[in-house]
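Numbering (my numbering), first residue to last: 18 to 566.
Glycine residues also receive a C-beta, built at the ideal position from the N, C-alpha and C atoms.
The structure appears right after this line, and notes come after that.
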């Protein structure tokens, strides 16, 4: 295998990583401004990677130059988006008007597009491409366009590093966020060092026969940024909790929404694998493979928005069935030269997904349509001679993995539903016991009965430590009504029933009152809530890693 092909595949895999990463964030919560900005950033990296992949393996210098020009929508914009992200992360005081600030950030990116895009002022004129072991490389000496871009990314990268360093210095050394800031700083410096050493310095020295790998190195800071944003709750996720005590109709809608999201993911992954196998492996024409991948991506987008098109389940099922059938038909038509030797089995995935749709009619109709399609292809192509090679085996492996993914999804759905019903039954049992206990309540045993009720509730919810606390109207004083401790030592939480304390002695209560909303944190060590530093340190010092208030 040629080095140029290997490099093209590496660029392509990086592009798929960025694309799927961005799709995951969009699926989590597309309404969040920070989520949308992160998707925008990963999209620029995906364009950068895909364009470099196609440019490296292009059949002609003209085609390679075109895709190099297209890549400006990636590298020409990325540093601006990254800089804006770091501004949000570090919470820099805003001294400029919003529109002036955006202009300062994005006008340089616009200049890049005007200069280097396929129909820009420089366009293909910025390249003199020759074939090398690593594909097409630019042998044109350093020019003003190159100097402008070096200045652009140097200024923005330096600004990013300065902001991160200043932010890190301001963080309390005892705060777990300090370590996360250190990781992010190191990860941001890594692509800068690698980019300068592999691209900028060789350009200045006139060395041209080397690949440009910065977009690959960018995976490190992007993953680190994602981790940091998650831990300070800037990337917002939709709640995935499943509780049977909610309306069953609402739960059903969530199940169907997850189904359509999962199928959209399958289409996206399928498009990526199909292009990889057919273009890089079988050497199919680029236009045909771009069209096929585009059809699959479009199918995924349509499936994803089906719940927003209509709320009627029958229409949703019909739309899902139509998109699935047409996609499989076109997919098989594109593989008639091999008799769709492996691809025909992809229908099993969609048949599995119809289980969640809970429609026997649609499942039966879908099965009949698949049989009809096979018969039609049998008539049109009664005999096809094929050669089974590595590409065919890769396709089989991909289908096996996607099938495993589908089965795991269905198993998780039903396991979650069973667990929710068990929890619901337990809650009903406890409510019945509490109701029975309160029948015999009187003045003498009221406190005892309340404590029993509190203990049963805490055990049902799975808490190791629970307190029922009342606050004064001015939120200055608190009274401990009931306590429940399962495993922790008494000296960790020295509160007892009837005890009166000041709010200043309850950091958790202070954070709760300040936020004005219930606070749930499943991993205190790795999640950082604004304004909750004192409460977090208070809990960590006592061995608490989960809190619900």
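Listed in chain order, the alpha helix (DSSP H) runs fully inside the segment 149 to 224 are 161 to 187, 194 to 212 and 218 to 222, counting runs of at least 4 residues. Rounded to the nearest angstrom, the Cβ distance from residue 129 to residue 89 is 6 Å, consistent with a contact under 8 Å. As a beta-bridge residue in DSSP terms, residue 488 pairs with 495. When DSSP states are grouped into helix, strand and coil, residue 50 belongs to the helix group.
By the neighbour-count criterion, in which a residue is buried when 16 or more other Cβ atoms sit within 10 angstroms of its Cβ, residue 181 is buried. If you check the CB distance, residue 148 and residue 162 do not come in under 8 Å.
The Cβ atoms of residue 486 and residue 475 do not sit closer than 8 Å to each other. A distance below 8 Å separates the beta carbons of residue 170 and residue 96. By the criterion of a C-beta distance shorter than 7 Å, residue 100 is surrounded in its chain by 122, 173, 176 and 177, once the five residues flanking it on both sides are discounted. Residue 429 sits in a helix when the DSSP states are folded into three classes. Under DSSP, residue 483 forms a beta bridge with 501. Taking the C-beta atoms as reference points, residue 91 is found no nearer than 8 Å to residue 59. Following the DSSP letters along the chain, one finds residue 518 inside the beta strand (DSSP E) bounded by residues 517 to 519. When Cβ pairs closer than 8 Å are counted between the two stretches, the segment 308 to 321 is seen not to touch the segment 440 to 454, the count staying below three. Spanning the alpha carbons of residue 449 and residue 498 requires a straight line of approximately 23 Å. Taken through DSSP and simplified to helix, strand or coil, residue 146 comes out as strand. Residue 306: member of the alpha helix (DSSP H) spanning 303 to 326, first to last residue.
Residue 383 sits away from residue 276, with the two beta carbons spaced by 8 Å or more.
DSSP, read as helix, strand or coil, puts residue 368 in helix.
Looking at the backbone, the Cα of residue 87 and that of residue 135 are separated by about 6 Å. In terms of CA proximity to residue 355, 409 leads the group 279, 409, 190 and 125. Rounded to the nearest whole angstrom, the CA to CA distance from residue 62 to residue 72 is 15 Å.
For residue 211, the closest alpha carbon among the candidates 190, 197, 200 and 234 is that of 234. Note on geometry: alpha-carbon atoms of residue 426 and residue 109 lie some 42 Å from one another.
Boundaries for residue 112: no alpha helix (DSSP H) harbours it, and the DSSP string shows neither H nor E there. Burial state of residue 116 is exposed, judged by a 10 Å Cβ sphere holding fewer than 16 other Cβ atoms. Look at residue 141 here: in three-state DSSP terms it is helix.
Excluding sequence positions up to five before and after residue 306, its CB lies within less than 6 Å of the CB of 292, 295 and 296, all in the same chain and listed in chain order. Under the 10 Å beta carbon count, residue 273 is surrounded by 16 or more other beta carbons and is classified as buried. Counting only residues of its own chain and dropping the five nearest sequence neighbours on each side, residue 70 has a CB closer than 7 Å to the CB of 25, 28, 29 and 32. Membership of residue 230 in any alpha helix (DSSP H) is not indicated, and neither H nor E is assigned to it by DSSP. Rounded to whole angstroms, residue 403 and residue 376 show a C-alpha spacing of 38 Å. Judged by their CB atoms, residue 501 and residue 471 are nearer to each other than the 8 Å cut-off.
Per DSSP, the continuous alpha helix (DSSP H) segment holding residue 85 begins and ends at 78 to 87. In this structure, DSSP gives residue 398 a state outside helix and strand, which the three-state scheme calls coil.
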